[in-house]
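When we follow this note's numbering, the leftmost residue of the sequence shown carries the number 851, and every step to the right adds one.
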Amino acid sequence: MERPVLPLGEYVQALQRKGLLSSGAPLGADLARPVSAVTCDSRSAVPGSLFICKGAAFRPEYLSAALRGGAFAYVSETDYRADAPCIRVGDVRAAMGLLADMAWGHPSGELKVIGLTGTKGKTTAAWFLKSILDAWREKEGLHSVALLSSIITDDGAARKPAVLTTPEPLDLQRHLWNAVNAGCGYMVMECSSQALKYGRMAGVELSVGAFLNLGEDHISPKEHPTLEDYFQSKLKIFDHAGNAVVNLDSDRAREILNAAGTVPGRVVTYSMEDPAARVYGHKLRPTGAGTAFTLRTPAGERELEIALPGDFNVSNALCAVAAAGLVGVPFDCVKAGLARTRVPGRMETYTNCGKTVIVDYAHNGMALEALLRAVRADYPGAPVTAVFGCVGGKALDRREGMGLAAGKLADRTILTEDDPAGENVTEICEEVGKYVTLAGGTFEIVEDREEAVRRAITEAPAGAVVVLAGKGAEGTQKRKNGPEPCVPDALLAKKYLDLPLAEG
């Protein structure tokens, strides 16, 4: 797929059609001049670039550097009176999404993109679906599919740790373009509420848009001011989708179904509670290594197995099954793909000396409660210790939700560091601790995460379960001056369980 080289006038006309221009065509702009690249990074500016001034931390010197690099015009909400034409827009984030899609030649039109949104389970469902699609494409001798998740960005050209759940528009469109050229055929991507709200996905066509569930998360002045804003942002996934998948077990499922009804294609439902769902999972049985269950669809009943415990992971698997059905994956590939899925940092379980440690990314109240309930069901009577923290500066609602979950369901709670940013770790933990106490639990604060994990494991009695929540497979802590390396929870679990670090 070749990248188009469009004249500046085409970009300006596109902004005008979408009502994004604050004024007419920029004075002195050469609308016939070809745009060699569109960028928002002054370090990437080359001769013939169109530069986008975006971000709360934007400084005029970035524009000056871009112009020195060869940019000949810029898009901005503010006219900086620079020595180049200013294309003024009312919403630079929406403008960037539109321009990015044009600059990369609308690559989602050449792929089957499957997007997933929800408060919890997006990553696990995405990995299930990628594994299913890969099993199908391997059978046909085709390239593995691309994945954009909160853990990994794999676009067929490079596989790297993710920076954002859903990348910024110019990066997102580049990943889609790479996936087309690598022959991936499909991309599975997590769609965050922020990406949907602020137009990062402008122009992205989804063959399938899936809505997993709804709970309170990302409610803060910097993200979503209310739960309703968060919910409405997530519903925007159906604006991009040709077909839809909806979880009937979700809160506000009826409203989600109504929104999904706007897609031009099919709407497929899934459930573990409503037998009327098109994709219904029931008769769950723990296998020791995971969970077996019975799948009922219009084609009949069949048996499936996943290598993860917990009812909520069966729900994630059902979402993947429903999406796979919409793109025509044969059942044998669905079964094989589910059975072999392993998700880094999701329900990773380590056992030694009669103690069990579970590492999971559960990082909001809804996810932590589901995780602890699964632990209570799978390890009846076992003393349960929960180790977790809450992020600083955003998602303030997590403090209440996670505190209440631990207070209700853990026997011991140790509060510690988890991406505090500029906030004081002890102050964050004290706020969370109020909710632990309110729910009837007790807590202690150990600021250093490794020390918190060490104490939780070494002080736990035989037969106990220790849950390390929030960080999953992450290897950094976001502190005041930015990300700093840290030891991932899984390595800490193995270290203090005295397990070989090369295994597991």
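Note that the Cβ used here is the ideal one computed from N, Cα and C, for glycine as well.
Computed from a predicted structure; not experimentally measured.
- [ ] Please report the residue range of the beta strand (DSSP E) in which A1052 lies.
- [x] By 1-based counting over the sequence shown, the position of residue 1052 is 202. Element bounds for A1052: n/a, residue is neither H nor E.
Task: Buried or exposed (CB count within 10 angstroms, at least 16 for buried), S873 - done: Taking the first residue of the sequence shown as position 1, residue 873 is located at position 23. Label assigned to S873: exposed.
- [ ] Could you pull out every residue in the same chain whose Cβ sits closer than 8 Å to the Cβ of G1354, ignoring the five residues on either side in sequence?
- [x] In the sequence shown, counting from the first residue as 1, residue 1354 sits at position 504. Caution applies to G1354, whose pLDDT of 37 falls short of 50 and renders its modelled position unreliable; the value that the coordinates give is listed next. Excluding sequence neighbours, G1354 sits near E1198, Y1200, A1340 and K1344.
- [ ] Check the DSSP bridge columns for K1205 and list the partner residues they point to.
- [x] The sequence position of residue 1205 within the sequence shown is 355, counting from 1. K1205 is bridged by DSSP to N1202.
Open item on the list: Give the list of continuous beta strand (DSSP E) stretches no shorter than 3 residues that lie fully inside the stretch 866–948.
Closed with: Fully enclosed beta strand (DSSP E) runs of 3 or longer: 887–889, 899–902, 923–926 and 936–938.
Task: Where the beta strand (DSSP E) through N1097 begins and ends - done: Here residue 1097 refers to the residue found at position 247 of the sequence shown. Here the beta strand (DSSP E) through N1097 covers A1091 to N1097.
Task: Length-filtered (3 minimum) beta strand (DSSP E) runs lying within the stretch 1253–1299 - done: If you keep only unbroken beta strand (DSSP E) runs of at least 3 residues inside the stretch 1253–1299, you get 1262–1265 and 1293–1295.
Task: With 16 other Cβ atoms within 10 Å as the buried cut-off, status of K1330 - done: Taking the sequence shown and counting its residues from 1, the one referred to as residue 1330 is at position 480. Exposed, by the Cβ-count rule.
TODO: Measure the C-alpha to C-alpha separation of G959 and E911 and round it to an integer number of angstroms.
DONE: One-based indexing of the sequence shown puts residue 959 at position 109. One-based indexing of the sequence shown puts residue 911 at position 61. Rounded to whole angstroms, G959 to E911 spans 36 Å at the Cα level.
TODO: Check S1121 in the structure and name its three-state DSSP category.
DONE: Walking along the sequence shown from the start, residue 1121 turns up at place 271. Looking at S1121 - three-state DSSP - the assignment turns out to be strand.
TODO: With a cut-off of 8 Å on the beta carbons, I'd call Y1346 and V1303 a contact; round off their distance for me.
DONE: If you number the sequence shown from 1, residue 1346 lands on position 496. If you number the sequence shown from 1, residue 1303 lands on position 453. Right, their Cβ atoms sit about 6 Å apart.
Task: Backbone secondary structure at R1116 - three-state DSSP - done: In the sequence shown, counting from the first residue as 1, residue 1116 sits at position 266. R1116 falls in the coil class under three-state DSSP.
- [ ] Mark Q866 as exposed unless 16 or more other C-beta atoms lie within 10 angstroms of its C-beta, in which case mark it buried.
- [x] Here residue 866 corresponds to residue number 16 of the sequence shown, with the count starting at 1. That one is exposed.
Open item on the list: Distance check for K1284 and V1193, CA to CA, integer angstroms please.
Closed with: Counted from its first residue, the sequence shown places residue 1193 at position 343. Counted from its first residue, the sequence shown places residue 1284 at position 434. Approximately 33 Å, taken between the alpha carbons.
Open item on the list: Under DSSP, the beta strand (DSSP E) around K989 begins and ends at which residues?
Closed with: Translated into the one-based positions of the sequence shown, residue 989 becomes position 139. Here K989 belongs to no beta strand (DSSP E); instead the alpha helix (DSSP H) covers K972 to K989.
Task: Close-in-space but distant-in-sequence residues of the same chain around I1208 (CB under 6 Å, 5 per side omitted) - done: On the sequence shown, position 358 is the one that residue 1208 refers to. Contacts found: T1199 and V1317.
Open item on the list: Rounded to the nearest angstrom, what separates A1109 and D1101 at their Cα positions?
Closed with: In the sequence shown, the residue the question calls residue 1109 occupies position 259. In the sequence shown, the residue the question calls residue 1101 occupies position 251. Whole-angstrom Cα-Cα distance: 14 Å.
- [ ] Compare the C-alpha of C1358 against each of I1278, G1257 and T1191 and name the closest.
- [x] No answer is possible for residue 1358: it lies beyond the span of the chain, which begins at 851 and ends at 1354.
- [ ] For K1244, name the three-state secondary structure that DSSP assigns.
- [x] Within the sequence shown, the letter at position 394 stands for residue 1244. When DSSP states are grouped into helix, strand and coil, K1244 belongs to the coil group.
Task: Separation of H1090 from G1290, as counted between CA atoms - done: Here residue 1290 corresponds to residue number 440 of the sequence shown, with the count starting at 1. Here residue 1090 corresponds to residue number 240 of the sequence shown, with the count starting at 1. Going from the Cα of G1290 to the Cα of H1090 covers about 44 Å.
TODO: Mind checking who M1039 pairs with in its DSSP beta bridge?
DONE: Translated into positions along the sequence shown, residue 1039 becomes position 189. Paired residues: G965 and L998.
TODO: Closer than 6 Å by C-beta to S994: which residues in its own chain qualify, once you throw out the five before and the five after it? Chain order, please.
DONE: Translated into positions along the sequence shown, residue 994 becomes position 144. Closer than 6 Å at Cβ, skipping near neighbours: D984.
Task: Alpha-carbon to alpha-carbon, V1315 and D1348 - done: In the sequence shown, counting from the first residue as 1, residue 1348 sits at position 498. In the sequence shown, counting from the first residue as 1, residue 1315 sits at position 465. Cα to Cα, D1348 sits roughly 15 Å from V1315.
TODO: State the DSSP-derived secondary structure class of L1145, mapped to helix, strand or coil.
DONE: On the sequence shown, position 295 is the one that residue 1145 refers to. In the structure shown, L1145 sits in a strand (DSSP, three-state: E or B).
- [ ] Can you give me the Cβ contacts of T969 inside the same chain, cut-off strictly under 7 Å, excluding the 5 residues immediately before and after it?
- [x] Looking up residue 969 in the sequence shown gives position 119. If we look at T969 and ignore the five residues flanking it on each side, its Cβ neighbours are N1063, L1064, G1065, D1067, N1214 and M1216.
Task: Residue range of the unbroken beta strand (DSSP E) whose run includes P1333 - done: Translated into the one-based positions of the sequence shown, residue 1333 becomes position 483. Here the beta strand (DSSP E) through P1333 covers G1332 to P1335.
Open item on the list: Rounding to the nearest angstrom, what Cα-Cα distance links A950 and I937 in this structure?
Closed with: For this step, residue 950 is matched to residue 100 along the sequence shown. For this step, residue 937 is matched to residue 87 along the sequence shown. Each residue's alpha carbon lies about 15 Å from the other.
Open item on the list: I'd like the list of long-range same chain contacts for W1027, defined as Cβ closer than 6 Å, with 5 residues on each side in sequence excluded.
Closed with: Here the question's residue 1027 lines up with position 177 in the sequence shown. So the qualifying residues of the chain are W954 and P957.
TODO: Could you tell me if D1021 is buried or exposed, where buried requires 16 or more neighbouring beta carbons within 10 angstroms of its beta carbon?
DONE: Here residue 1021 is taken as the residue at index 171 of the sequence shown, counted from 1. The residue is buried, with at least 16 neighbouring Cβ atoms inside 10 Å.
Open item on the list: Here's a check: name, in chain order, each residue in its chain whose Cβ is nearer than 6 Å to the Cβ of A916, leaving out the five neighbours to either side.
Closed with: Residue mapping note: residue 916 aligns to position 66 of the sequence shown, counting from 1. Here the set comprises S892, A895 and F901.
- [ ] Can you tell me which of the three DSSP states E1155 falls into?
- [x] Taking the first residue of the sequence shown as 1, we reach residue 1155 at position 305. Strand at E1155.
Task: Straight-line gap, E1280 to V1225 (C-alpha atoms, nearest Å) - done: Position 430 of the sequence shown, counted from the first residue, corresponds to residue 1280. Position 375 of the sequence shown, counted from the first residue, corresponds to residue 1225. The alpha-carbon atoms of E1280 and V1225 are separated by roughly 25 Å.
Task: Extent of the continuous beta strand (DSSP E) run through I1134 - done: Translated into the one-based positions of the sequence shown, residue 1134 becomes position 284. In the sequence under discussion, the amino acid at residue 1134 is Leu, which differs from the Ile named in the question. Here the beta strand (DSSP E) through L1134 covers V1129 to P1136.
Open item on the list: Could you check whether F1293 and L1265 sit closer than 8 Å to each other, using their CB atoms as the reference points?
Closed with: On the sequence shown, residue 1265 is found 415 positions in, with the first residue counted as 1. On the sequence shown, residue 1293 is found 443 positions in, with the first residue counted as 1. In terms of Cβ geometry, L1265 and F1293 form a close pair [threshold 8 Å].
Task: Local conformation of P818 per DSSP, three classes - done: This structure does not reach residue 818, given that the chain is present from 851 up to 1354, and the question cannot be answered.
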